[in-house]
Structures are given as C-alpha cells and as structure tokens.
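Residue numbering for the sequence shown follows this note's numbering, starting at 955 and increasing by one per position. We put the beta carbon where it would ideally sit given N, CA and C, even for glycine.
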Amino acid sequence: MKRKLLALTLALAMGLSLAACGGDTAETTAPAETGAVEATTPAETGDDVITVGFAQVGHESDWRTASTKSAQDVFSAENGYELAFVDCDNDSATQLSAVRNFIQQGVDYIIIDPIVSTGWDAVLTECEDAGIPVIVIDRTIDDSDKYVSWVGSDFKVEGLACGEWLKAYAADKGITEINALVIEGSVGASATIGRTEGFKEIADREGWTILDSQSGDFTEAGGQEVMESYCQSYAGQFNVVICQNDNEAAGAMTAMDNAGVTYGVGGDVILVSFDANKPYVQMVMDGKINANFECNPMAAPTVAEIIQQLEAGETPEKEIYVTESWFAAEDNVTSITVNGEEQPVIHVTQEVLDARPY
Ligand code: AHR
C-alpha cells in the first residue's frame, strides 16, 4: 500500500528554511534557480501512485542538470509517480534533513545522490526502521550498506582511463615529460576521490609530476579561480591540465585565455575533462579540449526498473554500473587498456556529436 505524501506542505516549509540558508547561485541552467527546493506534486495522489523522494546534490554543473532532468522525466505523474525533489545545494546537512523529511512524509522510496561519501549510517538506519527502501545513485556511500541498490559510475576507472589515454597520447606526440595540474571536484565526493586516485595511480607509475591538485568544487567559477592561481604560481611550468568536470574546464579555459596560455590541439597545454556533456564533446570536436571522459547522468531509468522489481517482490542487484565512453579530439589513440580490459577511445566527429543524448 502506498503512503500518502505530504509533499507540498512539507516541501514548501523546507523550501522556506533552505532558501533562508542562501548558498551559491547556479553556474549553469539550474532546476532550482534559487538553489532551494523544487517539489513536483500532482494535485491528486491515488493509492496506485508511487511516491519518490529524491535528495539531489545541487545544481553545480551541466551534468547535474542532466541528472535532475532525467529523474523528473522518469518519475513523472504521467508515469505513475509523485516526485518530491530537493536540491540540496551541495550542503550535507541540508541533504540529511531532506532525507529525514522524506521519512516524515512517508514516501514509498528514497533516492539519494550523496554529496559526500561518509556520515550516512544513522539516517539510513532511520530509513530502514521506517521501512522505506533507499536507492543510491551516482556517488557512493562508504560507511553504510543500508540501501537496496546503487546505480552509478566507476570513478576510479574514469581516472585510470584518463591516465592511460594521456600516456598513449604523450607517447604518440613524443612528449617525454608530464607536468600536470589537477582541478579536483568537491571535497569528500566519491567522484572526486575516485578520479583523483585513478589518475594519480597512473601518474605515479609513469613518474609524472603532479604540480598541484586543488578543488574547483565542480563549478565553472571554482575552475576559473583555481586555474587563475595556477597560472600565476606555475607560469611556464605545466603542460597538462586535468579538470574533473566540464564546468571546471570551462572556467580553466577562461583563466588560460586571460593568461595567454594556449590549450587543446596544437596548444601549449593538453586539456582533459570529465563528464562529456554534449556542449563539451563539441569542444573536443573543435579541438579546445583534448579528451573527455564520460560520466553518465542517466541513472533514473534504471532506478525506475529497480522500483518496479521491488514492487514485484523481487530483489534488485546491489550495484549497477552505468555504461561510459571516452572521447578524443584526435584519432592517434584509438584504444586504451584499463584494468586489463581494452576500451575504445572515440574520435569525435559530427556524427558522434549528433548521437550524444545529453
Ligand atoms: O558526481 C558526479 C559529478 O558531480 C559530475 O562529474 C559533476 O559534473 C557533478 O557535479
């Protein structure tokens, strides 16, 4: 039996309290322009409607916008769902309280994209005690397994792929020394931790120098700020910039443009990004970004399948990895080996770009 959702009243109340907290404004098109709360609730809730609470990280990036849109499309009234959506504005306390509000509301399922990977066991225990199944998407939770399923990316593999591509690319170009600057994502996010570990593993193995590695918080403004300081501190010393998402890459490009540093195909600096949102795959095709390692934001359809399995009394898989591809501006590296597995590197053409779904 479905629980009645008190979403509108409670989400509005929460919206007022979250809005009062303020926070960063969106760098990109944001589902909740204020960084506060957006609740999608049909006027009537029938017993056959499945109520879902989604505690989203925030609205920091194009990737996040795609993730939110995917959830809102899938968990629509037309599809038989009522979605209570909370944009947590990259604030862990807000995210914990959003989950606790979902428990009070008595939703049928809770989706969490955890801002940070720790600090979850108490609230997940509360979900368990309330009998509400939790599905985790995108980032991982490291200190509790009290959730039904996780759907997301292998972030370490993304970082390893980046390193293996750079090794092959540099070898083909006759580049013998790598001096890299890394712009990391948000501190404590498993996406940051995995990508950092993966790239560092290859850098250590190959004897590359990582001159510096600082957080740009997965935002364009953060990427620009970090790159501006790198351009001052490491002028003339670096030949690789690794941005852990596309929005940081946009900010880094602005900073390098302003500092007179050239990047991309034929530039002084090899520029690498993660996410592979369509506008940034276009930048790969245009030669502004040398390579881009996809992070797939389309977890929601798989979450809907998991919910349908639970509704049918079945046991879903505990871990489900989304599929991801690697994109490059040039065709000199056509494949890389990651964790012993050969994987294609896709040379971006107009046809490839046209086929990108987000
Ligand atoms: O957790 C996924 C990461 O979070 C994406 O790479 C980034 O763009 C987003 O903000």
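If you measure from the CB of residue i, is any heavy atom of the ligand AHR nearer than 6 Å?
{"i": "W1017", "result": "yes"}
{"i": "N1246", "result": "no"}
{"i": "D1171", "result": "no"}
{"i": "R1093", "result": "yes"}
{"i": "A1213", "result": "no"}
{"i": "A1047", "result": "no"}
{"i": "D1229", "result": "yes"}
{"i": "A1145", "result": "yes"}
{"i": "C1334", "result": "Because residue 1334 is not part of the residues shown, which for the chain are 955 to 1312, the question remains open."}
{"i": "E1014", "result": "yes"}
{"i": "C1249", "result": "yes"}
Tell me which same chain residues have a C-beta within less than 7 Å of the C-beta of residue i, skipping the five on either side of it?
{"i": "Q1049", "result": "A1009, C1042 and I1069"}
{"i": "I1156", "result": "L1114, G1117, E1118 and K1121"}
{"i": "N1293", "result": "V1111 and L1114"}
{"i": "I1261", "result": "I1004 and Y1063"}
{"i": "W1074", "result": "P1068, I1095, D1097 and S1098"}
{"i": "R1310", "result": "K1232 and V1235"}
{"i": "E1032", "result": "none"}
{"i": "A1213", "result": "C1185"}
{"i": "V1219", "result": "G1241, N1244, A1283 and E1284"}
{"i": "V1011", "result": "R1018, C1042, N1044, D1067 and I1069"}
Whole angstroms are fine: how far does the CA of residue j sit from the CA of residue i?
{"i": "V1276", "j": "S1021", "result": "13 Å"}
{"i": "T1216", "j": "C1197", "result": "16 Å"}
{"i": "D1092", "j": "I1290", "result": "24 Å"}
{"i": "L1225", "j": "Q1059", "result": "46 Å"}
{"i": "L1307", "j": "E1131", "result": "32 Å"}
{"i": "N1133", "j": "G1205", "result": "20 Å"}
{"i": "G1106", "j": "I1147", "result": "14 Å"}
{"i": "I1164", "j": "K1154", "result": "8 Å"}
{"i": "K1242", "j": "D1229", "result": "15 Å"}
{"i": "E992", "j": "F1039", "result": "Any answer about E992 is weak, because its pLDDT of 36 lies below 50 and its placement is not dependable; what the coordinates show is given next. Answer to the nearest angstrom: the Cα atoms are 6 Å apart."}
{"i": "D1211", "j": "K1100", "result": "47 Å"}
{"i": "D1016", "j": "V1257", "result": "21 Å"}
{"i": "F1172", "j": "V1180", "result": "11 Å"}
{"i": "A1175", "j": "N1231", "result": "18 Å"}
{"i": "V1195", "j": "V1302", "result": "20 Å"}
{"i": "G1161", "j": "P1270", "result": "43 Å"}
{"i": "E1151", "j": "F1247", "result": "15 Å"}
{"i": "G1034", "j": "D1002", "result": "7 Å"}
{"i": "E998", "j": "E1036", "result": "Unreliable placement is indicated for E998, whose pLDDT of 41 sits below 50; the coordinate value is still reported in the next sentence. Going from the Cα of E998 to the Cα of E1036 covers about 10 Å."}
{"i": "V1102", "j": "V1088", "result": "6 Å"}
{"i": "R1149", "j": "S1187", "result": "24 Å"}
{"i": "Q1263", "j": "M1237", "result": "40 Å"}
{"i": "D1045", "j": "V1053", "result": "13 Å"}
{"i": "S1071", "j": "V1077", "result": "13 Å"}
{"i": "K1127", "j": "A1254", "result": "40 Å"}
{"i": "L1135", "j": "G1221", "result": "16 Å"}
{"i": "C1387", "j": "G1142", "result": "No answer is possible for residue 1387: the residues shown for the chain start at 955 and end at 1312."}
{"i": "E1268", "j": "E1259", "result": "11 Å"}
{"i": "A1124", "j": "E1082", "result": "50 Å"}
{"i": "D1108", "j": "R1159", "result": "20 Å"}
{"i": "C975", "j": "I1057", "result": "Low local confidence applies: a pLDDT of 31 at C975 is under 50, so the model's placement there is unreliable, and no value is given."}
{"i": "I1129", "j": "N1193", "result": "10 Å"}
{"i": "N1250", "j": "W1104", "result": "14 Å"}
{"i": "Q1191", "j": "T1208", "result": "19 Å"}
{"i": "S1051", "j": "I1066", "result": "12 Å"}
{"i": "N1055", "j": "Q1026", "result": "19 Å"}
{"i": "E1273", "j": "A1189", "result": "44 Å"}
{"i": "D1285", "j": "S1144", "result": "31 Å"}
{"i": "T1288", "j": "E1295", "result": "14 Å"}
{"i": "S1167", "j": "N1199", "result": "14 Å"}
{"i": "Y1312", "j": "E1080", "result": "35 Å"}
{"i": "G1139", "j": "M1239", "result": "24 Å"}
{"i": "A1266", "j": "V1223", "result": "53 Å"}
Short of 6 Å in beta carbon distance, which residues of its chain neighbour residue i, apart from the five on each side in sequence? Order them along the chain.
{"i": "E1202", "result": "I1137, G1170 and G1177"}
{"i": "A1245", "result": "W1119, V1226 and A1282"}
{"i": "G1000", "result": "Low local confidence applies: a pLDDT of 47 at G1000 is under 50, so the model's placement there is unreliable, with the coordinate-based value given in what follows. None."}
{"i": "A1029", "result": "The question names Ala, yet the displayed sequence has Phe at residue 1029. Excluding residues within five positions, the ones whose Cβ falls inside 6 Å are V1006, Y1035 and L1037."}
{"i": "A1084", "result": "I1057"}
{"i": "M1252", "result": "S1024"}
{"i": "E1182", "result": "A1209"}
{"i": "I1086", "result": "I1064"}
{"i": "V1090", "result": "I1066, Y1101 and W1104"}
By Cβ distance below 8 Å, which residues in the same chain neighbour residue i in space, the five residues on each side in sequence not counted?
{"i": "S1279", "result": "A1230, E1248, P1298 and I1300"}
{"i": "E1305", "result": "none"}
Run the proximity test for residue i: is its beta-carbon closer than 6 Å to any non-hydrogen atom belonging to the ligand PLP?
{"i": "C1197", "result": "Among the ligands modelled here, namely the ligand AHR, the ligand PLP does not occur."}
Quiz item: Along the chain, which unbroken stretches of the beta strand (DSSP E) at least 3 residues long are found entirely within the region 1045 to 1073?
Solution: Correct list: 1063 to 1066.
Practice problem: Kindly provide the ranges of any beta strand (DSSP E) runs that are 3 or more residues long and lie completely inside the region 1269 to 1300, ordered along the chain. | Solution: Complete beta strand (DSSP E) runs here, min 3: 1273 to 1275, 1280 to 1282 and 1289 to 1292.
Practice problem: Return the chain-ordered ranges of every alpha helix (DSSP H) run that is complete within the region 1060 to 1141 and spans a minimum of 4 residues. | Solution: The alpha helix (DSSP H) runs of length 4 or more contained entirely in the region 1060 to 1141 are, from start to end of the chain, 1075 to 1084 and 1109 to 1127.
Exercise. Within the region 1185 to 1224, note down every full alpha helix (DSSP H) run reaching 4 residues or more, in order along the chain.
Key: Here the runs fully enclosed are 1200 to 1213.
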